[in-house]
Amino acid sequence: MLTALTNEGKLITLLGEMREQVIQLRKHQRFFCPACKEALILKAGHVRIPHFSHRHHSQCKNTTSEPESSKHLKGKQDLFEWCRSNRLDVSLERYLPDIKQRPDLLVEKDGEQFAIEFQCTPISVHAVDKRSKRYLAQGITPIWIVGGLPFHKRRASEMFELTEYHWSLTFRNQENVILAGYEPESGIVSLLSNITLYTPRKVFARLKKMPLPMIKFPLPIVDKLDLPLERWFNEKQKWVQQKVRYGNLVTDPFLKAVYMDGSNPFLLSPLIGLPVVYMEIFLSHSVEWQFFIWTDCLAKLKPHKKISLKYVNYKLRKRIAKGDLVCRVLPLHEENKWEKAVCAYFRLLEDLFYFQKTGKDLYRMVRDLPRPNHIEEVGLQTEEILVKWMEYRC
């Protein structure tokens, strides 16, 4: 930790001029944890950044969940100075007794509070969710910043891999999903924006790097970037091939449902598995959840017949409850977002002139949905959809 209480109950921090004063104070002063009030050790050697530490057998339940590495300590200092340079009211490691948590930084701006967590070591998605929800329950907006690069692996210029840990730290700014990382060694902020699923693990995204002083609090607004649709469809086809090759008909709900439906995974309608906003809520691929909409709701629907989103959501909710579909834990995103993905899917089908909206949540099918009988038809129908989609986007 970089903060502690003195014998008199005064809160001090190991930053700036106070750092040298505290090192001198330790000759005749004791320091205590602001949360548990246990005595702390001041570690001020020549290698690591001076910091306070609990004793080895401490019973404090409010210590951080990761070792206080030099990288973590330096990152907290840098982010603290960054907030002060933005003329913000910022506190370092302030203990919040109501939720028994101590964010790395607590920031106030225009009457709003933000908790900045600089996370250098991966933790469980459950831990991110629990800590984030506690902040949100207090009206505090959590901002998670990865200690390092904001992705697991870079596969190509605009293709990255994210783990579920990375996904749990993302936040949504309107239609833009963003994840930030900071490297104290270089002072560079890496912003991964426009994050869009190719597969549950691979994503399309734009990576932008900037020195920390150039970043405005909380994070810059990033323009929406169009997904390369042809590349997306190619990745979708690769996913289907891998699914068929390595999937298990007994344990895989999607493959089991496809074959029980009498369908061929390679001859699914090209309207199944389209990229839409909010689809990241599903850990399942868009092919899977859209196939369940198809088989449960659309397969027997005739032209000029109507269908309600309420009914579609009801059928999909049953699939989720059964375990056929799995939703991600995204604590910084909106709740019930999978229903927004369904709504976005039907808006897209409307844009492609297959459905017409006739009410608040009511759609009428205006023409037959494409149902390919052989591989060549899949390619032709997919190309037709791509052309219509590009015309709509232009």
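Counting with this note's numbering, you get residues 28 to 421 for the letters of the sequence shown.
We put the CB at the ideal spot given by N, CA and C, even for glycine.
Quantities reported herein were computed from a predicted structural model and do not represent experimental measurements.
Point to revise | Continuous alpha helix (DSSP H) stretch holding D116: start and end | key: Taken as a continuous stretch (DSSP letters only), D116 belongs to no alpha helix (DSSP H), being part of the beta strand (DSSP E) at 116–119.
**Study point:** Coil, strand or helix - P330 by DSSP
**Key:** In this structure, P330 counts as coil in the three-state DSSP scheme.
**Study point:** L276 classed as buried or exposed, judged by whether at least 16 other C-beta atoms fall within 10 angstroms
**Key:** Counting the other Cβ atoms within 10 Å of the Cβ of L276 gives fewer than 16, which makes it exposed.
Check your understanding: Residues in its own chain within less than 6 Å of K342 by CB, not counting five upstream and five downstream?
Key -> Contacts found: D323, C324.
Check your understanding: What are the boundary residues of the beta strand (DSSP E) that includes S220?
Key -> The continuous beta strand (DSSP E) containing S220 extends over residues 215–224.
Exercise for review: Name, in chain order, the residues that DSSP records as bridge partners for G174.
Suggested key: Beta-bridge pairing links G174 to Y209.
Exercise for review: Give the straight-line distance between the Cα atoms of Q383 and M392, rounded to the nearest whole angstrom.
Suggested key: One Cα belongs to Q383, the other to M392, and the distance between them is close to 6 Å.
Practice item. Quick one: which unbroken alpha helix (DSSP H) runs of 4-plus residues sit fully inside the region 108–171? Chain order, please. Key: Qualifying alpha helix (DSSP H) stretches, in chain order: 152–164.
Review point. Under 8 Å between the Cβ atoms of L336 and Q317?
Key: Going by C-beta atoms, L336 is not nearer than 8 Å to Q317.
**Study point:** Segments of 3+ residues assigned as beta strand (DSSP E) that fall wholly inside the region 221–262
**Key:** Within the region 221–262, the complete beta strand (DSSP E) segments at least 3 residues long are 229–238, listed from N- to C-terminus.
Practice item. Rank S195, N34, Y162, D395 by C-alpha distance to the C-alpha of I150 and give the top, closest one. Key: By alpha-carbon distance to I150, the top candidate from S195, N34, Y162, D395 is S195.
Practice item. Provide the residue(s) that pair with F448 in DSSP beta bridges, ordered along the chain. Key: With the chain running from 28 to 421 in the structure shown, residue 448 is simply not present.
Review point. In terms of residue numbering, what span does the alpha helix (DSSP H) encompassing P192 cover?
Key: The question names Pro, but residue 192 is Tyr in the sequence shown. For Y192, the enclosing alpha helix (DSSP H) starts and ends at 191–196.
Exercise for review: State the DSSP-derived secondary structure class of N34, mapped to helix, strand or coil.
Suggested key: Coil, per DSSP.
Practice item. Less than 8 Å between the CB atoms is what I'm expecting for T197 and I222, so what's the real figure, rounded? Key: Indeed they touch by this definition, with Cβ atoms about 6 Å apart.
Practice item. In angstroms with no decimal places, state the Cα-to-Cα distance between V303 and L100. Key: Looking at the two C-alpha atoms, the distance is approximately 40 Å.
**Study point:** Own chain residues within Cβ distance below 8 Å of L413, not counting five before or after
**Key:** Answer for L413: L256, E257, F260, listed in chain order.
Practice item. Output the distance between the C-alpha atoms of H360 and K236, rounded to the nearest integer angstrom. Key: Going from the Cα of H360 to the Cα of K236 covers about 24 Å.
Exercise for review: Locate the beta strand (DSSP E) running through F187, then write down its first and last residues.
Suggested key: First-last of the beta strand (DSSP E) with F187: 186–188.
**Study point:** For Y273 and M287, the rounded distance between their alpha carbons
**Key:** Between M287 and Y273, the C-alpha separation is close to 18 Å.
**Study point:** H78 - DSSP class collapsed to helix/strand/coil
**Key:** Looking at H78 - three-state DSSP - the assignment turns out to be strand.
Review point. With burial defined as no fewer than 16 other Cβ atoms inside 10 Å of the residue's Cβ, what is the status of A66: buried or exposed?
Key: Exposed, by the Cβ-count rule.
Point to revise | Reference Q140; option with closest CA among K327, I170, S290, A154 | key: Of the listed residues, the one whose Cα sits closest to Q140 is I170.
Check your understanding: With 16 other CB atoms within 10 Å as the buried threshold, where does H331 fall?
Key -> Exposed: under 16 other Cβ atoms inside 10 Å.
Exercise for review: Just tell me which of C63, W266, A371, E212 has its CA closest to the CA of G102.
Suggested key: Per the Cα distances, E212.
**Study point:** Three-state secondary structure (DSSP) of A183
**Key:** DSSP places A183 in the strand class (E or B) of the three-state scheme.
Practice item. Note down, in chain order, each residue of its chain lying with its Cβ closer than 8 Å to the Cβ of N291, except the 5 sequence neighbours on either side. Key: Apart from the 5 residues on each side of it in sequence, N291 sits with its Cβ closer than 8 Å to the Cβ of V285 in its chain, given in chain order.
Exercise for review: Using the Cα positions of A368 and R111, report the straight-line distance between them to the nearest angstrom.
Suggested key: Rounded to the nearest angstrom, the gap between the Cα atoms of A368 and R111 is 39 Å.
**Study point:** Spatial neighbours of I68 in its chain, beta-carbon cut-off 6 Å, leaving aside the 5 residues before and after
**Key:** Once the five neighbours on either side are set aside, the close Cβ partners of I68 are S80.
Review point. Mapping DSSP to helix, strand and coil, what is F500?
Key: The chain is shown only over 28 to 421; residue 500 falls outside these bounds and no answer can be derived.
Review point. Looking only at its own chain, which residues have a Cβ that is under 8 Å from the Cβ of Y192, when we skip the five neighbours before and after it?
Key: Annotation for Y192: P149, I150, S151, V152, V155 place their beta carbon closer than 8 Å to its own, counting only its chain and skipping 5 residues before and after.
Exercise for review: Helix, strand or coil for S92, going by three-state DSSP, please let me know.
Suggested key: Bear in mind that the predicted position of S92 carries a pLDDT of just 44, short of 50, making it too unreliable to give a figure here.
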